[in-house]
Amino acid sequence: MRVLVAAEDSGSLKNISFSYGTNTSVKGSQQPSIETFAVAGRTSYVQRMILLKLYNGKDCICIARKGGLVQIYESLPPYALITEWKDQVNQQDDAFIGLECVNGILSSFTSTGKLIVRDIQSAESMPVEYHTLIGDPVNAYRAHPNRPDIIAYGGKERELEINQIINIHASDDGGNSNANSPIASDTATKWCISPRQRGGGHQPRELSRHKIWRAKNVKNDELELRVPVWISDIRFLDVDRPMDAQLINDFRVAVTTRFGHVRLYETSKSRRPLVNVEVGEHPLVALVPTAKDNEVVFCDTHATTAKFDVVSGRKIGHYSGSTGSILCLDTFLPKKVKEEEDDEEERNLMVRLPPMAQANTPLLATGGLDRYLNVYNLDTRQLVGKIYVGTKLSAVCIVDGSSTAVNGSGLSEQESEYDDGEEESSGVKVKAEKKGDKKMRKRKHVDDGTSASESGSTRSSQTKHVRFVNGSGEEDNDDDEDDADSVWQMLSEDDEDEQDLKDD
Amino acid sequence: MPSRKTKGNKKRKAPSGPVQKEMLKNVKNKIKRENLLAKARDEHNISKHKSRKELLKMEEADPELKAERLANNVPSTIEAMREYDETVNVAVEGEDEFEEYFRDKKAPKVLITTSKNARAEAYELADQLVNVISGAEFIKRGHKFSMKEIARFCINREYTDLIVISEDRKVVNGLTFVHLPNGPTFFFSLTSLVMPKQISGHGRATKHSPELVLNNFSTRLGSTVGRLFQSLFPQTPEFVGRQVVTMHNQRDYIFFRRHRYVFKETERVGLQELGPQFTLKLRRVHRGIAEELEWEHRPDMDKEKHKFYL
Numbered sequence: 024m025r026v027l028v029a030a031e032d033s034g035s036l037k038n039i040s041f042s043y044g045t046n047t048s049v050k051g052s053q054q055p056s057i058e059t060f061a062v063a064g065r066t067s068y069v070q071r072m073i074l075l076k077l078y079n080g081k082d083c084i085c086i087a088r089k090g091g092l093v094q095i096y097e098s099l100p101p102y103a104l105i106t107e108w109k110d111q112v113n114q115q116d117d118a119f120i121g122l123e124c125v126n127g128i129l130s131s132f133t134s135t136g137k138l139i140v141r142d143i144q145s146a147e148s149m150p151v152e153y154h155t156l157i158g159d160p161v162n163a164y165r166a167h168p169n170r171p172d173i174i175a176y177g178g179k180e181r182e183l184e185i186n187q188i189i190n191i192h193a194s195d196d197g198g199n200s201n202a203n204s205p206i207a208s209d210t211a212t213k214w215c216i217s218p219r220q221r222g223g224g225h226q227p228r229e230l231s232r233h234k235i236w237r238a239k240n241v242k243n244d245e246l247e248l249r250v251p252v253w254i255s256d257i258r259f260l261d262v263d264r265p266m267d268a269q270l271i272n273d274f275r276v277a278v279t280t281r282f283g284h285v286r287l288y289e290t291s292k293s294r295r296p297l298v299n300v301e302v303g304e305h306p307l308v309a310l311v312p313t314a315k316d317n318e319v320v321f322c323d324t325h326a327t328t329a330k331f332d333v334v335s336g337r338k339i340g341h342y343s344g345s346t347g348s349i350l351c352l353d354t355f356l357p358k359k360v361k362e363e364e365d366d367e368e369e370r371n372l373m374v375r376l377p378p379m380a381q382a383n384t385p386l387l388a389t390g391g392l393d394r395y396l397n398v399y400n401l402d403t404r405q406l407v408g409k410i411y412v413g414t415k416l417s418a419v420c421i422v423d424g425s426s427t428a429v430n431g432s433g434l435s436e437q438e439s440e441y442d443d444g445e446e447e448s449s450g451v452k453v454k455a456e457k458k459g460d461k462k463m464r465k466r467k468h469v470d471d472g473t474s475a476s477e478s479g480s481t482r483s484s485q486t487k488h489v490r491f492v493n494g495s496g497e498e499d500n501d502d503d504e505d506d507a508d509s510v511w512q513m514l515s516e517d518d519e520d521e522q523d524l525k526d527d
Numbered sequence: 013m014p015s016r017k018t019k020g021n022k023k024r025k026a027p028s029g030p031v032q033k034e035m036l037k038n039v040k041n042k043i044k045r046e047n048l049l050a051k052a053r054d055e056h057n058i059s060k061h062k063s064r065k066e067l068l069k070m071e072e073a074d075p076e077l078k079a080e081r082l083a084n085n086v087p088s089t090i091e092a093m094r095e096y097d098e099t100v101n102v103a104v105e106g107e108d109e110f111e112e113y114f115r116d117k118k119a120p121k122v123l124i125t126t127s128k129n130a131r132a133e134a135y136e137l138a139d140q141l142v143n144v145i146s147g148a149e150f151i152k153r154g155h156k157f158s159m160k161e162i163a164r165f166c167i168n169r170e171y172t173d174l175i176v177i178s179e180d181r182k183v184v185n186g187l188t189f190v191h192l193p194n195g196p197t198f199f200f201s202l203t204s205l206v207m208p209k210q211i212s213g214h215g216r217a218t219k220h221s222p223e224l225v226l227n228n229f230s231t232r233l234g235s236t237v238g239r240l241f242q243s244l245f246p247q248t249p250e251f252v253g254r255q256v257v258t259m260h261n262q263r264d265y266i267f268f269r270r271h272r273y274v275f276k277e278t279e280r281v282g283l284q285e286l287g288p289q290f291t292l293k294l295r296r297v298h299r300g301i302a303e304e305l306e307w308e309h310r311p312d313m314d315k316e317k318h319k320f321y322l
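Those sequence lines, one after another, are chains A and B. The opening residue of the first sequence carries number 24 in our numbering; numbering runs sequentially from there. The opening residue of the second sequence carries number 13 in our numbering; numbering runs sequentially from there.
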């Protein structure tokens, strides 16, 4: 397994390769190999890091440093610097709050609200910069994982808003002069940025965007007090569902807040969240989607990382083991598993294998202030690897999720690795798991109470939804879709928010 | 007020082994029995002293014997049984928030205050701390401002540290250290506070900035705590004062002591305690000014007797 982490204390990147079951807290355990590169000091530490593929098919990492520097490095040794540029960062405490790359369109977003977009697939050397000012305060930014022209942002006292950038469009139906980009290997639709037409006093490099949808704050609380808004992270969920051509704003978006809420918006249904659950008293920091459309993983400022069902509004379980606040999450969702979903036999085979020996285990990597990199099995929440890095981690990326170290391969080796892991840390792990389960049972109990009091409508849909989740494995994908839709129908029909929207 | 432990409190235990109480059971007369026991003990002590003298003589003649004895005599303490920790004595990578103090030799400027509605003992300790930390000043806590606000005011006035003494029911029970301007924030619980006047034979401290002895801060978290204490004192102590502040970490308890030393000979050093004495235990570390949690002492950590975090 290979994980890239960004060290906050030294402003460097680290390539950590290790095999499943590595736990550096156990004396005499296997040691991971850690290579440090791109050292730049604490004053310009890496705030965001993403993996991307360049125009020539090269696997790279793109990092956004404090101070405004954006760099692209090779993700394999010797980690050569490919290109770098400086995105204007005005103030000293200005920070990158988003860095996204969708279909070759790289976008960075700073906390002062400046969105900078570059087409890295067509440009070979220095990509041309396009920008737009959204204005502060913005604390969260996310681009739609399939459509670079759709962006969502929100922040302190700033409601979630989804915008469409007009300048970015699919090049096959655009047919303009910018479409002479070198063809990449994959068959995904090409997107390109076209400069704005002159006139109206606008600069040609300025992007024009328009609002598609804007959220509305939740209703006042039981004391009739306004609920404050402070969005900390945004994720588009269920991104592969067929888009209705008529509905331009048909998105499912999950949001975490600094006030401990997880919210789920269905933009075609309502401006208020369909699900709004306070999962804890501490501010939530980050959110990642999982392979299932209804499940997300969030973390807060007090060392809690948990899986959450956004439809039923229930916490599924904790990823235990960290002592300090988690700052960054990353998931590794092997694509093969998705493809094999239809093949009954293959799936059964995978189920029979012990969870750690699977080559295509979905993984979750967490890193934060306790200076450990923790890697979990996303489904079972079991600890797969725990590595002392030595510095606080500001970003993590799982590059390779296979069970062996970079050079090793083969099933037998994987199995032995699995055994090793069990021996080394089984006692501790099992204990932790049990504890987690107990807590979970308690929470469930509490949750039941709250959800019942919240609204009858959510309750009724919960029971319906459980069936949908259980059935999803056996039925075809299409049926699932229908079932899911019916759930959404239920949710929205019963919801009073719908009424409010019409009134407005 | 916690009372000072004296040595006389402990019951003297009869040395087991050579003195055989069992044999005296048959003696019915109590006074006779006591006499016999005293005599037996006396003999045992004399023989012990004799054997030690012999051993000393032998070891003086042959120093190798002593080395061998010391090498073989390793007591199995809890420290020796400490659980493995990969962060112990590993070189610190990168910089942290205390970098300014170490790199730029920035002189510390410390503000000491108490919790709201503090009582006499908190002010006494504040007095003592002002005396210990030469660059510190005390400001009385009002009702108006929260700690975050106070920290902000301190940043504006270029303080490097903020210390808040917490007091509850007339007992000082905690110390909060906020390193400024960017944190981190530490909360320690405070126990066993002994004021100088309660220490027999205590000296009178001077305003000289003391030398600092930090013992056993070995893990990564420990080194952060050590750096916090370092950053409270000026980098070059005033040696004229002959004062030493000791922060001794043992099993995650940090013992604070202050002494004056005098070189009686080239080999021997005389120590005079100046006080105060107290014991700290780290409870929480936050990044920034009480923002994200970096480390927290959880109750289940107490279950692991051989695991230490500092």
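Beta carbons: idealized from backbone N, C-alpha and C, even for Gly. Computed from a prediction, not measured in an experiment: that's the story for all the values here.
Inset, instruction - State the Cα-Cα distance for the pair residue 187 (chain A) and residue 155 (chain A), rounded to the nearest angstrom. - result: 12 Å
Legend entry - Contact set for residue 325 (chain B): own chain, Cβ-Cβ below 8 Å, skip 5 residues either direction: Outside the displayed span of chain B (13 to 322) sits residue 325 (chain B), for which this structure offers no information.
Legend entry - Three-pair Cβ contact test at 8 Å for the stretch 99 to 106 of chain B versus the stretch 114 to 123 of chain B: no
Inset, instruction - Using a Cβ-Cβ cut-off of 8 Å, state whether residue 411 (chain A) counts as contacting chain B. - result: yes
Legend entry - For residue 142 (chain B), the first and last residue of its enclosing beta strand (DSSP E): Careful: residue 142 (chain B) lies outside any beta strand (DSSP E), inside the alpha helix (DSSP H) at 132 to 144.
Legend entry - Members of the stretch 236 to 265 of chain B near chain A, C-beta cut-off 7 Å: none
Inset, instruction - Tell me whether residue 159 (chain A) counts as near the ligand GTP, meaning its Cβ is closer than 7 Å to at least one heavy atom of that ligand. - result: The model depicted lacks the ligand GTP and carries no ligand whatsoever.
Legend entry - Pairwise C-alpha distance: residue 230 (chain A) and residue 157 (chain A): 11 Å
Legend entry - Assigned exposure category for residue 33 (chain B) - 16 Cβ within 10 Å defines buried: exposed
Inset, instruction - Check the Cβ of residue 102 (chain B) against every Cβ in chain A and list those closer than 9 Å, keeping chain order. - result: 411 and 413
Inset, instruction - Determine whether the Cβ of residue 232 (chain B) lies closer than 8 Å to any Cβ atom of chain A. - result: yes
Legend entry - Beta bridge counterpart(s) of residue 251 (chain B) as assigned by DSSP: Answer is none; residue 251 (chain B) lacks a bridge partner.
Inset, instruction - Indicate whether at least one CB of chain A lies closer than 8 Å to the CB of residue 113 (chain B). - result: no
Inset, instruction - For residue 101 (chain B), I'd like the list of residues in its chain whose CB is within less than 7 Å of its CB, leaving aside the five on either flank, ordered along the chain. - result: 230
Legend entry - Reduced DSSP category for residue 93 (chain B) - H, G, I as helix; E, B as strand; rest coil: coil
Inset, instruction - Just mark residue 336 (chain A) as buried or exposed, buried being the case when its beta carbon has 16 or more other beta carbons within 10 Å. - result: buried
Inset, instruction - Grab me the residues of residue 329 (chain A)'s own chain with a C-beta within less than 8 Å of its C-beta, minus the 5 sequence neighbours each way, in chain order. - result: 302, 320, 321, 322, 338, 339, 340, 341 and 342
Legend entry - Residues of its chain near residue 167 (chain B), where Cβ-Cβ distance is below 8 Å and the 5 sequence neighbours each way are ignored: 192 and 193
Inset, instruction - Could you tell me whether the stretch 261 to 271 of chain B touches the stretch 149 to 163 of chain B, where touching means 3 or more Cβ pairs closer than 8 Å? - result: no
Legend entry - Amino acids of chain A, ordered along the chain, whose beta-carbon sits closer than 9 Å to that of residue 105 (chain B): 30, 32, 33, 35, 59, 412, 413 and 414
Inset, instruction - Have a look at the DSSP bridge pairing and note the partners of residue 259 (chain B). - result: B:226 and B:268
Inset, instruction - Output yes if chain A places a C-beta closer than 8 Å to the C-beta of residue 273 (chain B); else output no. - result: no
Inset, instruction - Return no unless some Cβ of chain B is closer than 8 Å to the Cβ of residue 89 (chain A). - result: no
Inset, instruction - Using a cut-off of 7 Å between C-beta atoms, extract the partners of residue 172 (chain B) located in chain A. - result: None at all; the shortest Cβ gap to chain A is about 18 Å.
Inset, instruction - Determine the contact status of residue 419 (chain A) and residue 395 (chain A), defining contact as a CB-CB distance below 8 Å. - result: no
Inset, instruction - Name the two residues that bound the continuous beta strand (DSSP E) containing residue 340 (chain A). - result: 337 to 341
Inset, instruction - For residue 251 (chain A), collect the residues of the same chain with a Cβ closer than 8 Å to its Cβ; drop the 5 residues on either side in sequence, then sort them by chain order. - result: 180 and 282
Inset, instruction - Please report how far the alpha carbon of residue 106 (chain A) lies from the alpha carbon of residue 286 (chain A), in whole angstroms. - result: 38 Å
Legend entry - Segment contact, 8 Å Cβ cut-off, at least three pairs: the stretch 131 to 147 of chain B with the stretch 182 to 202 of chain B: yes
Inset, instruction - Please state if the CB of residue 185 (chain A) and the CB of residue 290 (chain A) are separated by a distance shorter than 8 Å. - result: yes
Legend entry - Cross-chain neighbours of residue 192 (chain B) in chain A, by beta carbon under 9 Å: The contacting residues do not exist; residue 192 (chain B) stays about 15 Å from chain A at best.
Legend entry - Residues of the stretch 70 to 100 of chain B with Cβ closer than 7 Å to any Cβ of chain A, in chain order: 96, 98 and 99
Inset, instruction - Output yes if chain A places a C-beta closer than 8 Å to the C-beta of residue 133 (chain B); else output no. - result: no
Legend entry - Residues that DSSP places opposite residue 411 (chain A) in a beta bridge: A:395
Inset, instruction - Mind checking which residues open and close the beta strand (DSSP E) that includes residue 280 (chain B)? - result: Run containing residue 280 (chain B): none; DSSP gives neither H nor E here.
Legend entry - Spatial neighbours of residue 347 (chain A) in its chain, beta-carbon cut-off 7 Å, leaving aside the 5 residues before and after: 326, 391, 392 and 393
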